[in-house]
Amino acid sequence: MSLFIGIVYNPSKPETSEVLNLLKFYLSKEGFEFFLLRTDFYEFSANLNYYKDIKRPDFVISVGGDGTILYSARLFSKYEVPIAGVDVGKLGFLMHFSKDEIEELVNYIRSASYEVEDRMMIKAQVNFSGKSSYLNNALNEIVVSRGKFHRIIDIEVFVNGEFLNKYRGDGIIVSTPTGSTAYSLSAFGPILFPTMENIIITPICSHTLSARSIVLPKDSLVVLRVENLPSPAVVVFDGQEYIDLNESVEIIISKCDYYAKIVKNPKRKFFETLRTKLSW
């Protein structure tokens, strides 16, 4: 069986070159075709244009840290392509394979004996008062936060048309279960099992003692309204793509129509990863 493999890699990691050489060797040995796509977290649209000119891969290998697999998910998940992460980063919470397991990973691909986890993603439509809009998705989280001038912002939150609360503070994190162990966790949000399907709303440094996270059903429609900004704010997708906010804006967030298909390593268990990676 001939497969076309996409390799998305972060060139800034010291061990990336070694891992790429190993992947090239083992993939070529199996007769697989492959292409390389380097991450540039600030030129995502340029890579989208590049991707349009190449054949759709059957499988994606992401080489780097968690940011690289988030990047790969936003780029390829809508094509329902399995994504396997090879860890050469600092944390690697989402990366299921080490550089010492590359031959094993390629054997899984050859025999199609790998298991895939469907990870829920979320999407957002950002509507500006001037009627223009912006669409994007995220595997971890979508964040609305204060900008570089560190001024408190007010965000009204609605769920399925019902007013939830008005949060005054540094911003709001809207995350997936996969993202529950990322930025949301740092803001004291709950940990959810990654294959669950929920939307988590977590305030960031709210200027009140009572603000807490809330976990919503997967089919919830979340609307964030930001008005009367004292200074520019920002919307950030998976910590990589962002939009500056200089005017009143409405952000509509809901579950994506597709999932990130993350390839599991049978040796890795979620609770063990919590203990080893996050000192749980």
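In the numbering used here, the protein residues as written are -9 to 270.
All residues carry an ideal CB built from backbone N, CA and C; glycine is no exception.
All of these numbers come straight from a predicted model, not from anything done at the bench.
Note: alanine 250 is bridge-paired with Arg109 in the DSSP secondary-structure output.
Between the alpha carbons of isoleucine 142 and glycine 169 lies a distance of about 24 Å. In this structure, proline 167 places its C-beta atom within 8 Å of the C-beta atom of leucine 182. Counting C-beta pairs closer than 8 Å gives fewer than three between the stretch 1 to 20 and the stretch 59 to 74, which falls short of the contact rule. Taking C-alpha positions only, leucine 264 is separated from phenylalanine 87 by approximately 16 Å.
In the three-state scheme derived from DSSP, where H, G and I count as helix and E and B as strand, glycine 57 is classed as helix. Going by beta carbons, serine 244 and valine 212 fall inside the 8 Å limit.
With 16 or more other Cβ atoms inside 10 Å of its own Cβ, aspartate 77 counts as buried.
Counting only unbroken stretches of 3 or more residues, the beta strand (DSSP E) elements lying wholly within the stretch 176 to 255 are 188 to 194, 204 to 207, 212 to 216, 223 to 227, 231 to 235 and 239 to 254, in sequence order.
Between lysine 113 and valine 239, the alpha-carbon positions lie close to 16 Å from each other. Rounded to the nearest whole angstrom, the CA to CA distance from methionine 111 to asparagine 127 is 7 Å.
Cα atoms of tyrosine 248 and glutamate 187: separation of roughly 12 Å, rounded to the nearest angstrom. Under DSSP, alanine 74 takes part in a beta bridge, and its partners are Ile51. The beta carbons of leucine 81 and lysine 259 sit no closer together than 8 Å. Inside the stretch 104 to 179, DSSP marks whole alpha helix (DSSP H) runs of 4 or more residues at positions 173 to 176, from first to last along the chain. The closest CA to that of glutamate 94, considering only Gly57, Ser62 and Tyr16, is found on Tyr16. Comparing C-alpha distances from serine 210 to each of Thr29, Asn11, Phe261 and Val164 shows the shortest one belongs to Val164. Sequence-distant Cβ neighbours of isoleucine 59 in its own chain, meaning closer than 7 Å and more than five residues away, are Ser52, Ile73, Gly75, Leu84 and Met85.
A Cβ-Cβ contact shorter than 8 Å links proline 184 with glutamate 107.
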